[in-house]
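S.K.:
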Amino acid sequence: MNALKVKNNQRIAVSDIPVLPYEEFLEMNTNMSADVYFHCVNYFAWQKEETICLFCCMADDTTGNLMISSSQVINDNHEYPSFSAKHLSFHAFEREIHETTGLKYSDHPWLKPLRYDFHRSDLTKNIPDYPFYQIESEELHEVGVGPIHAGIIEPGHFRFTCNGEQILHLEIQLGFQHRGIEKLFLTSKTPLQLAILAEGIAGDTVVSHTNAFTGCWESLCDFTPSDDILHARTVASELERIAIHTGDLSAICTDIAYQLGSSVFGRLRTPVINTFQKWCGNRLAKSMIRAGRNSYPITPDIVKALIQLFDEYEPDLNEMYDRMKGLPSALARLERTGTVTQEQAERIGAVGQVARTTGLIRDIRWTHPYLQYGQIPHQPIVKHHGDVYSRTQIRKQEINQSIKYILNLITHVPATSKEVELKNPQANSFVVSLTEGWRGEICHCAITGESGQLVLYKIKDPSLHNWLALALAVRNNDISDFPICNKSFNLSYCGHDL
Amino acid sequence: MKLKINTGSVFSDFKILFHQGKQYIPDVTTAEVPGIFRGRPVIASGAERDTNELMGICPTGAISVDPVSIDLGKCVFCGECQRKFPNIFHFTKDYKISAASREGLIIVEGNEQPMVIDATQVRKEIRRIFGKSLKLRQVSAGGDNSTEWELNAAGNVNFDMGRFGIEFVASPRHANGVVITGPITKNMAEPLQICYDAIPEPKIIILAGTDAISGGIYAGSPALDRRFLDKYRVDLYIPGNPVHPLTFINGILSLIRRK
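Protein chains in written order, with my numbering: chain A, 3 to 500; chain B, 162 to 420.
Right, dumping it as structure tokens:
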């Protein structure tokens, strides 16, 4: 196989990446994705005048390798065969490539605009004019929702085609949150600015996105983080998972009008995020993770705070959860609602908890361990029904699992290392950094130029894959169940739109 | 005799309620935040300093010199200035950091006074009409979902903003004002305008979070369109990254209520 094998966070020279003829590039990567143990973690274009360099990063879940390959195509009027026609999981990547570079595909199933990027190749197309997919029929009607929704939630447009109360088809159009983050990575001047940008990719996944960024950056700077740094980041990443999962349990209860669950889970999140505040001064862990240092070491006080937190939190969580799952009226709304099958999850390249609730095990902590996940050792929690209830169960069980991990980790806190002044990033380098956020797999890719400056920074939030899972899940469900389906996925708008 | 409580009955609900106890914060205007919260900064005056270094440390250009000041509308509360120059910068735990004017967000060296909203800067009708009841429509326009989470938290059983008659509503037609989060992206500029137009008069505009107030770390990005803010008067600026629920609630209370 003509691809370069690398590990998570391993820096390589751009020139070491094999450049293949497009047909071979397509053949090799789509063949790989036919195997369920392979999936594409990132596929993107780097435009250099008329030439477009395509980079494809495939994850091999059995060996923990990443297979990197590239190809160069000329951006003329030639139409190229698409990856997506062979394996649908590439659809979003190719839509982005088409949108930003104008590269044409002959057989892409649907070159729907991805996010109306500010530097899209066709500026005559604007988001308000997007032509939604329509089905002509006297029996069907459409329901349009958004971009602004009824709650305090990010914007996105949902267009339902309904047969009576039943959803026949849902189309999701995003892009409203597009802030141009990837371009800001290239124009930012200091590593601090980059870290703050990384924290804002998705403000509900601060830890995991910043872990991905620092993973990239430290590799580029040839810095090997000491144990205490890795340890603190691992604890933070699991604490973030607990916090957001708890909030999600509350939101799920809200959407089935179960007030007790909504209030109790909602209030249970408070002491978790307040622990972040005690630790680093910010309830969502902004400012906690910085390249090259352990800004907020885990002091004996923090250890005590964490132990006390879980002593009080876990019995309350278990009690509330057990009560909820004993209520037929709650289960009736959760079970067999919004189902995604394993076959669908494989086809669309679903990742993270959405994949794991269908029986498809995609978990970077397990397959491509980073930080201290190799030592834990992590065993993913897997569900099989792919419905709202599975996505509720997995959250509860992952909370219990993360508590166990944290309590284990803090029995031994490594001594705090001294802050190290990082070297400048190495020139002409390439690095892929993968982390497993609470939603799923996060991938950051960086390429540096002649003087070590960033020339390309590509971010992938798990939502990029999983939004399509939501659209498929709601088919043939009552439209009144859409909110609960949506909440059970809780995907990121800003992480998708960047 | 021991009373056996049957799980699955209404008694288990009582048990849960009993275990939860009282969760609300009795007085949200005086509550203390736990830990090392970074709120209103205090800048030591007259300390020796290299002005270029001071300005260079801030990732969003919030620090100015002569006199040394921090613009809370630009500050992302990363605490890097305090880390590097602990003798000059100190973030206190005071979460009351809202202002009714943009200039009100600038903290100058030597100023250790709490931030108070100047009543003369508040439109007269606001306190008369909204003092007891304020319904708000939130619009996230490129917000990263952190301030959005905290605004949701402001309504939970801990912070319980609803006790003051302050609530988020589903429709702009039911709202008295709009709370904008995020730096206002090009793609959200029109929906924001449509939403604002749908709110009946009199209406207020609140900017929540550093991204909304100045663009924050995204300031200058070509993907933004902040012209909406040139057209209207902003009634309240609530800084934060994200905004703390107590900052939000106290900011609004000081806007709509006389002491």
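A virtual CB, placed ideally from N, CA and C, is assigned to each residue, including glycine.
Return the residues of the segment 306–331 of chain B that lie within a Cβ-Cβ distance of less than 8 Å from chain A, sorted by chain order.
M.R.: Answer in chain order: N306, S307, T308, E309, W310, E311, L312, N313, A314, N317, V318, N319, F329 and A331.
S.K.: What separation, rounded to the nearest whole angstrom, lies between the Cα atoms of M34(A) and E98(A)?
M.R.: Computed Cα separation, rounded: 21 Å.
S.K.: Between E273(B) and S230(B), which are expected to be in contact by the criterion C-beta below 8 Å, what is the C-beta distance as a whole number of angstroms?
M.R.: Not really, about 14 Å apart at Cβ, beyond 8 Å.
S.K.: What are the start and end residues of each continuous alpha helix (DSSP H) run of 4 or more residues lying completely inside the segment 416–492 of chain A, in chain order?
M.R.: Counting whole runs of 4 or more residues, the segment 416–492 of chain A contains the alpha helix (DSSP H) stretches 465–475 and 484–491.
S.K.: Quick one: measure Cβ to Cβ for N44(A) and V433(A), integer angstroms, because I've assumed they're closer than 8 Å.
M.R.: Actually they do not touch by this definition, with Cβ atoms about 12 Å apart.
S.K.: Taking only beta carbons into account, state which residues of the segment 334–353 of chain B come closer than 7 Å to chain A, listed in chain order.
M.R.: Correct list: P344, T346, K347, N348, M349, E351 and P352.
S.K.: Is it buried or exposed, G376(A), if we count other Cβ atoms within 10 angstroms and call 16 or more buried?
M.R.: It is exposed - the Cβ of G376(A) has fewer than 16 other Cβ atoms within 10 Å.
S.K.: Rounded to the nearest angstrom, what separates V283(B) and Y393(B) at their Cα positions?
M.R.: Going from the Cα of V283(B) to the Cα of Y393(B) covers about 14 Å.
S.K.: Can you give me the C-alpha to C-alpha distance between P273(A) and H80(A), rounded to a whole angstrom?
M.R.: One C-alpha to the other measures close to 57 Å.
S.K.: Between the segment 385–399 of chain B and chain A, which residues of the former have CB atoms less than 9 Å from a CB of the latter, in chain order?
M.R.: Within the segment 385–399 of chain B, the qualifying residues are L385.
S.K.: I'd like to know whether the C-beta atoms of P115(A) and Y132(A) end up nearer to each other than 8 Å.
M.R.: Yes, the Cβ-Cβ distance between P115(A) and Y132(A) is below 8 Å.
S.K.: Do you know how far the Cα of Q403(A) is from the Cα of P382(A)?
M.R.: So the alpha carbons of these two residues sit roughly 9 Å apart.
S.K.: Note down, in chain order, each residue of its chain lying with its Cβ closer than 8 Å to the Cβ of P157(A), except the 5 sequence neighbours on either side.
M.R.: For P157(A), where only same-chain residues beyond five positions count, the Cβ hits under 8 Å are G148, P149, I150, H151, F178, Q179 and Y495.
S.K.: When you compare each of Q310(A), Q261(A), D62(A) and L194(A) to G294(A) by their alpha carbons, which one comes out closest?
M.R.: Nearest of Q310(A), Q261(A), D62(A) and L194(A) to G294(A), Cα basis: L194(A).
S.K.: Starting from the beta carbon of Q262(A), find every residue of chain B whose beta carbon is closer than 7 Å, and list them in chain order.
M.R.: The question names Gln, yet the displayed sequence has Leu at residue 262(A). Neighbours of L262(A) on chain B, chain order: D174 and I177.
S.K.: According to DSSP, is C218(A) part of a helix, a strand, or is it coil?
M.R.: Three-state DSSP puts C218(A) in a helix.
S.K.: Helix, strand or coil for E184(A), going by three-state DSSP, please let me know.
M.R.: Helix.
S.K.: Closer than 9 Å between beta carbons: that is the criterion. Which residues of the segment 313–326 of chain A meet it against chain B?
M.R.: Per Cβ criterion, the list reads P317, D318, E321, M322, D324 and R325.
S.K.: Comparing alpha-carbon positions, which option in C219(B), E193(B) and P195(B) lies nearest I198(A)?
M.R.: Of C219(B), E193(B) and P195(B), the residue nearest in Cα terms is C219(B).
S.K.: Could one say the Cβ of G454(A) lies closer than 8 Å to chain B's Cβ atoms, at least one of them?
M.R.: Not one chain B Cβ lies under 8 Å of G454(A).
S.K.: Leaving aside the five residues before and after L90(A) along the sequence, list all residues of the same chain whose C-beta is less than 8 Å from its C-beta, in chain order.
M.R.: Cβ within range, chain order: P111, R349, I350 and G351.
S.K.: Since G377(B) contacts N402(B) with CB under 8 Å, what's their CB separation in whole angstroms?
M.R.: Contact flag correct, Cβ pair sits at about 7 Å.
S.K.: With a 10 Å radius around its C-beta and 16 neighbouring C-beta atoms as the bar for buried, classify H558(A) as buried or exposed.
M.R.: The structure shown has nothing for residue 558(A), since chain A only spans 3 to 500.
S.K.: Cα separation between T413(A) and L232(A)?
M.R.: Those two C-alpha atoms are separated by around 15 Å.
S.K.: Express the C-alpha separation of W368(A) and Q428(B) in angstroms, rounding to a whole number.
M.R.: Shown here, chain B extends from 162 to 420; a query on residue 428(B) therefore has no answer.
S.K.: From the beta carbon of P130(A), is the nearest beta carbon of chain B less than 8 Å away?
M.R.: So yes, P130(A) belongs to the interface.
S.K.: For N31(A), which three-state DSSP category applies?
M.R.: In this structure, N31(A) counts as helix in the three-state DSSP scheme.
S.K.: Would you identify the three-state DSSP class for I19(A), choosing helix, strand or coil?
M.R.: Of the three classes helix, strand and coil, the one that applies to I19(A) here is coil, per DSSP.
S.K.: From the DSSP output, which residues share a beta bridge with G146(A)?
M.R.: Note: G146(A) sits in a beta bridge opposite R161(A).
S.K.: Kindly say whether L493(A), judged by its beta-carbon, lies nearer than 8 Å to any beta-carbon of chain E.
M.R.: In the structure shown, chain E cannot be found, because the protein chains are A and B.
S.K.: Taking 8 Å as the threshold (beta carbon to beta carbon), is R269(A) in contact with chain B?
M.R.: With 8 Å as the cut-off, R269(A) counts as an interface residue toward chain B.
S.K.: Locate the beta strand (DSSP E) running through H41(A), then write down its first and last residues.
M.R.: F40 to K50 is the span of the beta strand (DSSP E), which, as asked, contains H41(A).
S.K.: Name, please, each residue of chain A whose Cβ falls closer than 8 Å to the Cβ of C242(B).
M.R.: Within 8 Å Cβ-Cβ: nothing; C242(B) doesn't reach chain A, min ~11 Å.
S.K.: Residues of the segment 440–467 of chain A in Cβ contact with chain B at a cutoff of 8 Å, in chain order, please.
M.R.: Listed in sequence order: no entries.
S.K.: Runs of 3 residues minimum, wholly inside the segment 323–354 of chain B: which ones carry the beta strand (DSSP E) assignment?
M.R.: Complete beta strand (DSSP E) runs here, min 3: 327–329 and 338–342.
S.K.: Would DSSP call L90(A) helix, strand or coil?
M.R.: L90(A): helix per DSSP, three-state reduction.
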